[in-house]
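Below is one structure, written out as structure tokens; comments come after it.
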Amino acid sequence: MTIPVTIVKRNGAIFEIPVDELVTGDIVILEAGKYIPADIRVLEANNLLIDEAALTGESVPVEKIVK
Numbered sequence: 900m901t902i903p904v905t906i907v908k909r910n911g912a913i914f915e916i917p918v919d920e921l922v923t924g925d926i927v928i929l930e931a932g933k934y935i936p937a938d939i940r941v942l943e944a945n946n947l948l949i950d951e952a953a954l955t956g957e958s959v960p961v962e963k964i965v966k
């Protein structure tokens, strides 16, 4: 079984870490086609569409914006 990994910026450096090692304050770097590894707040985005079908049943991707 493969452990899922994600890319984070932590203390100014970029790392690829197992998702179970995410901690509060990590900045997750998302890439097209990747899963979102945790409940996150969007800090910066450009045309970000998220497939929320597994969570909400919504069949159309939902646009996310920075608030």
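When the letters of the sequence shown are read in order and numbered with our numbering, they come out as residues 900 to 966.
Note that the Cβ used here is the ideal one computed from N, Cα and C, for glycine as well.
Since this is a predicted model, take the numbers as computed values, not measurements.
(Q) With H, G and I counted as helix, E and B as strand and the rest as coil, what does DSSP make of Thr-955? (A) The count along the sequence shown starts at 1 and reaches residue 955 at position 56. Residue state, collapsed to three classes: helix.
Q. Is the beta carbon of Asp-925 less than 8 Å from the beta carbon of Arg-940?
A. One-based indexing of the sequence shown puts residue 925 at position 26. One-based indexing of the sequence shown puts residue 940 at position 41. Not a contact, by the Cβ cut-off of 8 Å.
(Q) Using the three-state DSSP reduction, which class does Glu-915 fall into: helix, strand or coil? (A) Walking along the sequence shown from the start, residue 915 turns up at place 16. If DSSP states are grouped into helix, strand and coil, Glu-915 belongs with the strands.
Q | The beta strand (DSSP E) enclosing Leu-929, as first and last residue numbers | A | Walking along the sequence shown from the start, residue 929 turns up at place 30. Per DSSP, Leu-929 belongs to no beta strand (DSSP E) and is neither H nor E.
**Q.** Cβ distance (whole Å) where Ile-906 is taken to contact Ile-928 below 8 Å
**A.** Counting from 1 along the sequence shown, the entry for residue 906 is found at position 7. Counting from 1 along the sequence shown, the entry for residue 928 is found at position 29. Right, their Cβ atoms sit about 4 Å apart.
Q. Who are Leu-947's beta bridge partners in DSSP?
A. Your numbering for residue 947 matches position 48 in the sequence shown. Lys-963.
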